[in-house]
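A.B. asks: The end of the sequence shown is residue 130 by our numbering, with every number in the run present.
Below is a structure I'd like to ask you about.
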Amino acid sequence: MGQVTDRLYEIYVTQETNCAETMLRAGTEARSGQTPEACCRMMSGFSGGVSSECFCGAILGGVSAISYLINQGDDESFEKSKEATEEFVAQCKEFFGSLDCHDIKSVWRQEEIRCYQAVEKIAVFLNEVLDKYCPEETV
-8 MGQVTDRLYE IYVTQETNCA ETMLRAGTEA RSGQTPEACC RMMSGFSGGV
42 SSECFCGAIL GGVSAISYLI NQGDDESFEK SKEATEEFVA QCKEFFGSLD
92 CHDIKSVWRQ EEIRCYQAVE KIAVFLNEVL DKYCPEETV
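Laid out in C-alpha cells, this is it:
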C-alpha cells in the first residue's frame, strides 16, 4: 500500500495537473494502483474551487477518492464513506480555518508550485482517513 503523498509532487507540479484531479489520482493510485481516465476527466470542473474559488478543489478531489475507494454501492459502505468524508472535511477545515479555495489560496499559493503545500497537507489528511476506513486488504 502506498502513501497518498508518494507521487503527489509529480502529479501536481511536474505534470501540472489540477488540484482536484491530483488528489483523486494520488488517493486512488496509492490504494488501487490506478485511476480510470473517465474519473480524471470528471474532476476538471472541480479545480480552482469549482472554477469560482469557492470550495477547495483539492478537498473535493479527496472526497472523490474516498467515495471511489470506500463506497461499493451498498448501504453499509455508503455510510462508511459518508463517515470518512465527514472526518476528512473536518480535518481540513480545522487546519485551514476554511474550506474555500480563495481563503486557502490567499495564504498557501506560491507562483512556481501553485498550492502544492496546501495540497500536500490535504493529502496527509486523506491518507490518514484512508488508513482508518480503507485498509489495504479491502482494496
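For each residue, glycine too, the CB sits at the ideal point set by N, CA and C.
#1: Please report the straight-line C-alpha distance between residue 8 and residue 66, rounded to a whole angstrom.
#2: Restricting to Cα atoms, I'd like to know which of 51, 49, 72, 90 is closest to residue 60.
#3: What are the start and end residues of the alpha helix (DSSP H) that includes residue 90?
#4: Name the residue from 122, 94, -3 whose alpha carbon lies nearest to the alpha carbon of residue 40.
#5: Which residues in the same chain as residue 82 place their Cβ atom closer than 7 angstroms to its Cβ, once the five residues preceding and following it in sequence are excluded?
#6: Could you give the first and the last residue of the continuous alpha helix (DSSP H) run that contains residue 28?
#7: Please check the pair residue 125 and residue 22, which I expect to be a contact at CB under 8 angstroms, by giving their CB distance rounded to whole angstroms.
#8: Give me, in chain order, the residues of the same chain whose beta-carbon lies closer than 6 angstroms to that of residue 56; leave out the 5 immediate sequence neighbours on both sides.
C.D. replies: Put simply:
#1: Numbered from its first residue, the sequence shown carries residue 8 at position 17. Numbered from its first residue, the sequence shown carries residue 66 at position 75. The straight-line gap separating the alpha-carbon atoms of residue 8 and residue 66 is approximately 33 angstroms.
#2: Residue numbering aside, residue 60 sits at position 69 when the sequence shown is read from its first letter. Per the Cα distances, 72.
#3: One-based indexing of the sequence shown puts residue 90 at position 99. Where residue 90 is concerned, there is no enclosing alpha helix (DSSP H), given that its DSSP letter is neither H nor E.
#4: Residue numbering aside, residue 40 sits at position 49 when the sequence shown is read from its first letter. Among 122, 94, -3, the Cα nearest to that of residue 40 is on 94.
#5: Taking the first residue of the sequence shown as 1, we reach residue 82 at position 91. Contacts found: 116.
#6: Within the sequence shown, numbered from 1, the residue matching residue 28 stands at position 37. Per DSSP, the continuous alpha helix (DSSP H) segment holding residue 28 begins and ends at 28 to 33.
#7: As a first step, residue 125 is located in the sequence shown; it is residue number 134 there, counting from the start. As a first step, residue 22 is located in the sequence shown; it is residue number 31 there, counting from the start. Taking 8 angstroms as the upper bound for CB-CB distance, residue 125 and residue 22 are in contact here, some 6 angstroms apart.
#8: Position 65 of the sequence shown, counted from the start, is the residue given in the question as residue 56. Counting only Cβ-Cβ distances below 6 angstroms, and skipping sequence neighbours, we find 15, 18, 19.
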